[in-house]
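With the first letter of the sequence shown counted as 1, position 40 gets the number 39 in numbering that gives the first Met the number 0; the numbers rise by one all the way through.
Don't be surprised by glycine CBs; every beta carbon is placed ideally from N, CA and C.
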Amino acid sequence: MGKEQLIPNFELIKSKKEIEWNNKEKEVEGWGDKLGRGIDEKIKNIVVAFDMIGLPTSSSCEGHLDHGYSAPWIGIKAPNEPAERFIDQDKIFQKIADEYNLSLDDMGHKENREIYFKAFDEFEKNGETLEFQQWRQKNQELIRRASELLNKFYKERRVLKNIKLGIIEYAEGEFRIYNGGEDYHPITEEKFEKLTEEQKNELSQRLKQYQNEMKEFAKFLKEKIF
């Protein structure tokens, strides 16, 4: 076998990656939330990159001025999340619901939050299921990988603290990559309208900076993929 046959065909590899990227892009464009809204355009590339690099996304937001969050974020979690986090979770929910003459759907309403959290007191006594613990461990591995990528991205990159991307973990196992500092919080049209014109313009400029940082990280990931 000649040496030339051992040399990888990088053009062919790149071509295959481009096909994979385009197919994933089409798949992502078909995703939507519970309200039937498609994925935000300014977050699409990084969602594609995450999924291709082995960080499965579960939700995302490009950041908005008058709804959602005022800064972009990407939710990541391992696939096949167990239906029950706690041992006998469904049984306990049903027992508490029956005690208060409520349906399981009613348990989730705001006015019944105290009753809802009463169930969690019993959950904690039972502990988490083995399946959920194993799933959580998979998420920890994803967090480790995401952290490594962010560390490489910022090895020689310097940005303001509120623009720099970070990781926030949630008790349920999912985590998010986000930025925005104090702007990383829910905002409504009512809250936005209460801002002065100067504050609105400043928030708009900051949001563009946050979104651009996500865009740069997406470019960084795409280069690694290709």
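Assuming Ser57 and Ile75 form a contact by the criterion Cβ under 8 angstroms, report the distance between their Cβ atoms to the nearest whole angstrom.
The count along the sequence shown starts at 1 and reaches residue 57 at position 58. The count along the sequence shown starts at 1 and reaches residue 75 at position 76. About 7 angstroms separates the Cβ atoms of Ser57 and Ile75, confirming a contact at the 8 angstroms cut-off.
Separation of Arg205 from Asn161, as counted between CA atoms
By 1-based counting over the sequence shown, the position of residue 161 is 162. By 1-based counting over the sequence shown, the position of residue 205 is 206. Their Cα atoms are separated by approximately 9 angstroms.
Would you be able to state if there are at least three C-beta pairs under 8 angstroms between the segment 170 to 184 and the segment 67 to 81?
Yes, the segment 67 to 81 touches the segment 170 to 184.
For the beta strand (DSSP E) that Ser146 lies in, which residues bound it at each end?
Residue 146 sits at position 147 when you count from the first residue of the sequence shown. Run containing Ser146: none in the beta strand (DSSP E); it sits in the alpha helix (DSSP H), 129 to 152.
Here's a check: name, in chain order, each residue in its chain whose Cβ is nearer than 6 angstroms to the Cβ of Phe191, leaving out the five neighbours to either side.
Reading the sequence shown from its first residue, position 192 is the one you call residue 191. Correct list, in chain order: Leu64, Asp65.
Quick check: the Cα distance between Met0 and Phe49, rounded to an integer number of angstroms?
Against the sequence shown, residue 0 aligns to sequence position 1. Against the sequence shown, residue 49 aligns to sequence position 50. The predicted position of Met0 is uncertain, since its pLDDT is 48 and thus under 50; no value can be drawn from it.
Paired residues, beta bridge with Arg175 - DSSP
Within the sequence shown, the letter at position 176 stands for residue 175. DSSP lists Gly74, Ile167 as partners of Arg175.
Can you tell me which of the three DSSP states Arg205 falls into?
In the sequence shown, counting from the first residue as 1, residue 205 sits at position 206. Secondary structure at Arg205: helix, using DSSP grouped into helix, strand and coil.
Closer than 8 angstroms is the cut-off here; do at least three beta carbon pairs connect the segment 110 to 117 with the segment 88 to 101?
Flag = yes, the segment 110 to 117 and the segment 88 to 101 touch.
When the distance is taken between beta carbons, is Ala70 closer than 8 angstroms to Tyr169?
Against the sequence shown, residue 169 aligns to sequence position 170. Against the sequence shown, residue 70 aligns to sequence position 71. With contacts defined as CB atoms closer than 8 angstroms, Tyr169 and Ala70 fail to qualify as a contacting pair.
Ends of the alpha helix (DSSP H) at Tyr115?
For the purposes of this step, residue 115 is taken as the residue at position 116 of the sequence shown. Tyr115 -> alpha helix (DSSP H) spans 112 to 125.
Quick check: what's the CA-CA separation for Met51 versus Lys218?
The residue you call residue 51 lines up with position 52 of the sequence shown. The residue you call residue 218 lines up with position 219 of the sequence shown. If you take the alpha carbons of Met51 and Lys218, they lie about 13 angstroms apart.
Please state whether DSSP places Ser57 in a helix, a strand or coil.
In the sequence shown, the residue the question calls residue 57 occupies position 58. Strand, per DSSP.
Phe49 (DSSP reduced to helix, strand or coil):
Residue 49 sits at position 50 when you count from the first residue of the sequence shown. In the structure shown, the three-state DSSP call for Phe49 is helix.
Could you tell me the alpha carbon to alpha carbon distance between Cys60 and Glu24, rounded to whole angstroms?
On the sequence shown, position 61 is the one that residue 60 refers to. On the sequence shown, position 25 is the one that residue 24 refers to. Their backbone Cα atoms lie some 16 angstroms apart in a straight line.
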